[in-house]
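Number of protein chains: 2
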Amino acid sequence: MTVVTNSFSVNGATYHPVESPIVVICIDGSADEYLDISMAFDKMPNVKCMSKQGYRGMVRGALPSFTNVNNSSIVTGVSPAVHGISGNFFYDTEKDKEVMMNSSEYLRAETILAAAADAGRKVAVVTAKEKLRDILSYKMKGIAISAEKANQAKKETHGIDDVEAIVGYQTPAIYSADASLFVLRAGVALIEKGLADFLYLSLTDYMQHTYAPETKESLDFYEAMDKEVGKLLALGAIVGATADHGMNAKVKEDGSPNVLFVEDMLQEQFGDHFRVICPITDPYVKHHGALGSYVVVHVADKSIINEVKNWLAMQPGITEVYDKATAVRVLEQPEDRTGDLVVLSARDVVVGRSPQYHDLSALDGTLRSHGGRYEEMVPMIISHPLNETYKKKAAGDPRNFNIFDFTINGTNEGANV
Amino acid sequence: MTVVTNSFSVNGATYHPVESPIVVICIDGSADEYLDISMAFDKMPNVKCMSKQGYRGMVRGALPSFTNVNNSSIVTGVSPAVHGISGNFFYDTEKDKEVMMNSSEYLRAETILAAAADAGRKVAVVTAKEKLRDILSYKMKGIAISAEKANQAKKETHGIDDVEAIVGYQTPAIYSADASLFVLRAGVALIEKGLADFLYLSLTDYMQHTYAPETKESLDFYEAMDKEVGKLLALGAIVGATADHGMNAKVKEDGSPNVLFVEDMLQEQFGDHFRVICPITDPYVKHHGALGSYVVVHVADKSIINEVKNWLAMQPGITEVYDKATAVRVLEQPEDRTGDLVVLSARDVVVGRSPQYHDLSALDGTLRSHGGRYEEMVPMIISHPLNETYKKKAAGDPRNFNIFDFTINGTNEGANV
Chain V
6 MTVVTNSFSV
16 NGATYHPVES
26 PIVVICIDGS
36 ADEYLDISMA
46 FDKMPNVKCM
56 SKQGYRGMVR
66 GALPSFTNVN
76 NSSIVTGVSP
86 AVHGISGNFF
96 YDTEKDKEVM
106 MNSSEYLRAE
116 TILAAAADAG
126 RKVAVVTAKE
136 KLRDILSYKM
146 KGIAISAEKA
156 NQAKKETHGI
166 DDVEAIVGYQ
176 TPAIYSADAS
186 LFVLRAGVAL
196 IEKGLADFLY
206 LSLTDYMQHT
216 YAPETKESLD
226 FYEAMDKEVG
236 KLLALGAIVG
246 ATADHGMNAK
256 VKEDGSPNVL
266 FVEDMLQEQF
276 GDHFRVICPI
286 TDPYVKHHGA
296 LGSYVVVHVA
306 DKSIINEVKN
316 WLAMQPGITE
326 VYDKATAVRV
336 LEQPEDRTGD
346 LVVLSARDVV
356 VGRSPQYHDL
366 SALDGTLRSH
376 GGRYEEMVPM
386 IISHPLNETY
396 KKKAAGDPRN
406 FNIFDFTING
416 TNEGANV
Chain X
6 MTVVTNSFSV
16 NGATYHPVES
26 PIVVICIDGS
36 ADEYLDISMA
46 FDKMPNVKCM
56 SKQGYRGMVR
66 GALPSFTNVN
76 NSSIVTGVSP
86 AVHGISGNFF
96 YDTEKDKEVM
106 MNSSEYLRAE
116 TILAAAADAG
126 RKVAVVTAKE
136 KLRDILSYKM
146 KGIAISAEKA
156 NQAKKETHGI
166 DDVEAIVGYQ
176 TPAIYSADAS
186 LFVLRAGVAL
196 IEKGLADFLY
206 LSLTDYMQHT
216 YAPETKESLD
226 FYEAMDKEVG
236 KLLALGAIVG
246 ATADHGMNAK
256 VKEDGSPNVL
266 FVEDMLQEQF
276 GDHFRVICPI
286 TDPYVKHHGA
296 LGSYVVVHVA
306 DKSIINEVKN
316 WLAMQPGITE
326 VYDKATAVRV
336 LEQPEDRTGD
346 LVVLSARDVV
356 VGRSPQYHDL
366 SALDGTLRSH
376 GGRYEEMVPM
386 IISHPLNETY
396 KKKAAGDPRN
406 FNIFDFTING
416 TNEGANV
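Chains as they are written, first to last, in our numbering: chain V, 6 to 422; chain X, 6 to 422.
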């Protein structure tokens, strides 16, 4: 089997892949604490080996620290300001409409995956949630499947038939550890069978939303993931792993959700001028009840924006408030898909709209969520030693969406990178 | 030997120590990455054992993420807004004077150490740097020594004679790994010899300022620390460890310091209205050249504060800007010891005054520093299992300055906590 090693460029960066299979894994919602405690219990010998022989450190994700935002960044290599996906929802002020962004028509950048395929690599993207498949496979020639709908994949639309037979596992339930494990198992099978040599494997954070790092369920899950990583390494893959965001408990001492309903707060203080958008809102209701640590506020009366900003900045539980211009620069937001104000909340606090917009009865257990500053920093682990250029880069302000760059160029001693 | 187990209260919290020696360690400048990579290389079997049998997680430090600020918080259990130590320097506007705060006369809260001693415990505080001894031993009956001046300790002033003979090591050089190891060794010796049963051991971050986590020097240092932790555990101590702040490289791609000189920037833009205070400034010149990721700005013309704030918020490398009222609330600052504006910089950026205030020639190697948001989150490790109350507390927004609370009350199953 000949592997193509053509270099390719996309969004201003050039990638020089070697022949070995390249595998990038996004461990959805994997705060560093999950790795720490799993490794203390010796559950992750393969990832431990990666840390020793390659690299382990922290990288900064994109904000809001949500799944779609960061998956879009990872496959394009650029920030939300460039690729345009700033959450699952935004409010289109011109059309006066709340718009769902779960589709590639909202993506404003090309993907590394499509470019690699155009350069001749056998590309596969496997995602746990079907919702991500459309964005991740944008303009891409190759295999694009989800664990959630693995049994519906067809050659014409997904680049592959008979996924269950090839992977050797049945389509898993989406609210399960198996949903993520299926993604990794599919990656192993695709390499083993010579069907792919350039892979992006994007897991789901159902387990992290539901279980704290030190629980038996979580330790078992990380152990099972590590086994699949070991198989990827045994197949000769260069593996880079990161997360889209971290995860924190967002509850009061009595275990109930620790929520600030921002639209209600503003209405009480200033009257009926506000529309609060929770860009974490998505159809996977068991995860977080549409409550994260980041909301966007649209203010009908623009003359009071500064006053509202200053008032919000003084409310307990709110940690950062930005006007649009500052959000565009500091939070790297696309100007037309953010709001007049952006609000971030504390490590243990989520922000919502009004109680009627949030159904918490569907949660499996406690409220653990993300979206804000305290879920911004995530781990990055690379299986092979970094060259001198990328050692320096790792010691600066590396981003989780540099993961393809680190995995491909950072481990390539030969290329003129 | 009888150990007193009286409960005691200080700054609104009550502590219920058991008979076992209580040891709290502040691993100065220990970003979590130092533990991660040292444990991947199996250098820390004792801390690994603590993580498994007790607890390992992340806690939020006080801002600015400086040594004195966080040491003051740790020994008082409260934020800088309460204890008053907001850095090494502040500008006293009434006296028009820059005031050094390295002394207990600026401390506005009682300490847990003094209260424990009053309740009958044999208390010892051992610090690497002499500068911290005065604050940490404020009103305290017991032993208070520094590694830096161990050979100058006297019964009347330090509560102990012949420190070198008791510890079995000579007074170390302050710019060394030994400066921190001496602190831990002193802790071991004091417990072994029955001289203390309630200890605070505060290390120095010279090694972290000088070496990245994956360097041989750092791995050797963490291995040597772990050995002493093992001796503390073998003596039956309940050990809690945290850090005052993290540590990040603050350099450009060419390795040169990545500095924004804020006073010069403001003068060029707005004229001669500004005094920038770098509250990291201290006499230990080899660490950071008075460059951290947090400065305070005093504005002579109060009418332009808002304009200056908005301008600063748009400058690349600057990540957060607060006016005084917001800094007091969000950053927990004492109102009379902060400035008109507070400025925080990016993970790889430091903020300074003007070049003439910063001598970088004394640095041992590269510029690694702290002070900002990206050095706020630090590890917390407790040797014994947490009770149910403190498991919940750990899953909220625990602080590094709750470390005595977690170590004492969190591991106490019997007390009515």
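In this text, a Cβ means the ideal position worked out from N, Cα and C, and glycines have one as well. Computed from a prediction, not measured in an experiment: that's the story for all the values here.
Using only the alpha-carbon positions, how far apart do residue i and residue j sit?
i                : j                : result
Pro26 (chain X)  : Glu115 (chain X) : 22 Å
Leu237 (chain V) : Leu206 (chain V) : 12 Å
Thr218 (chain V) : Glu233 (chain X) : Position check: residue 218 (chain V) holds Pro in this sequence, whereas Thr was assumed. Cα to Cα, the separation comes out at about 28 Å.
Val422 (chain X) : Ile150 (chain V) : Legend: pLDDT at Val422 (chain X) = 49, less than 50; position of this residue unreliable, no value from coordinates given.
Pro384 (chain X) : Arg61 (chain X)  : 7 Å
Gly357 (chain V) : Ser261 (chain V) : 15 Å
Ala1 (chain V)   : Arg378 (chain V) : Beyond the ends of chain V as shown, which are 6 and 422, falls residue 1 (chain V); an answer cannot be given.
Trp316 (chain V) : Lys396 (chain X) : 34 Å
Ile196 (chain V) : Asp345 (chain V) : 47 Å
Ser434 (chain X) : Gly164 (chain X) : Outside the displayed span of chain X (6 to 422) sits residue 434 (chain X), for which this structure offers no information.
Phe95 (chain V)  : Ser359 (chain X) : 43 Å
Arg190 (chain V) : Leu200 (chain X) : 58 Å
Phe13 (chain X)  : Tyr111 (chain X) : 24 Å
Ser108 (chain X) : Ala119 (chain X) : 16 Å
Asp341 (chain V) : Ile90 (chain V)  : 11 Å
Ala184 (chain X) : Ala133 (chain X) : 6 Å
Ala295 (chain V) : Pro284 (chain V) : 8 Å
Ile386 (chain X) : Gly34 (chain X)  : 15 Å
Thr416 (chain X) : His389 (chain X) : 6 Å
Asn414 (chain V) : Lys127 (chain V) : 18 Å
Val29 (chain V)  : Val354 (chain V) : 31 Å
Per DSSP, what are the beta-bridge partners of residue i in this structure?
i                : result
Thr412 (chain V) : According to DSSP, Thr412 (chain V) bridges with nothing at all.
Thr247 (chain X) : X:Cys31, X:Met385
Phe94 (chain V)  : V:Met105
Phe162 (chain X) : Position check: residue 162 (chain X) holds Thr in this sequence, whereas Phe was assumed. Per DSSP, none; premise fails for Thr162 (chain X).
Tyr299 (chain X) : X:Leu349
Phe13 (chain V)  : V:Tyr20
Ser43 (chain V)  : Paired residues: none, contrary to the question.
Val304 (chain X) : X:Phe279
Ser374 (chain V) : V:Asn253
Can residue i be considered in contact with the ligand NAD, in the sense that its beta carbon sits closer than 7 Å to one or more heavy atoms?
i                : result
Gly241 (chain V) : With respect to small molecules bound, the structure shown includes none, and the ligand NAD cannot be examined in it.
How is residue i classed by DSSP in three states: helix, strand or coil?
i                : result
Arg358 (chain X) : coil
Val422 (chain V) : For Val422 (chain V), the predicted structure reports a pLDDT of 49, less than 50, and the residue's modelled location is therefore unreliable. The matter cannot be settled from this model.
Tyr327 (chain X) : strand
Val333 (chain V) : helix
Ala178 (chain V) : coil
Gly59 (chain X)  : coil
Thr132 (chain X) : strand
Asp402 (chain X) : coil
Ile309 (chain X) : helix
Arg126 (chain X) : coil
Ala149 (chain V) : strand
Arg65 (chain V)  : strand
Gln157 (chain V) : helix
Tyr143 (chain V) : coil
Arg113 (chain X) : coil
Interface residues of chain X around residue i at Cβ under 7 Å?
i                : result
Ala217 (chain V) : Ala400
Phe46 (chain V)  : Lys57
Arg65 (chain V)  : Arg352
Ile42 (chain V)  : Ser56, Arg61
Arg334 (chain V) : Met319
Check the Cβ of residue i against every Cβ in chain X and list those closer than 9 Å, keeping chain order.
i                : result
Gly425 (chain V) : The first residue shown for chain V is 6 and the last is 422, placing residue 425 (chain V) beyond what the model contains.
Along chain X, which residues have their Cβ under 8 Å away from the Cβ of residue i?
i                : result
Lys397 (chain V) : Glu258, Gly260
Ala254 (chain V) : Ala400, Gly401
Lys53 (chain V)  : Ala45
Output, in chain order, the set of chain V residues within a Cβ distance shorter than 7 Å of residue i.
i                : result
Glu38 (chain X)  : Gly62, Met63
Ala248 (chain X) : None at all; the shortest Cβ gap to chain V is about 14 Å.
* **Any beta strand (DSSP E) of 3 or more consecutive residues that is wholly inside the segment 197–283 of chain V** => 203–207, 243–247, 264–266, 279–282
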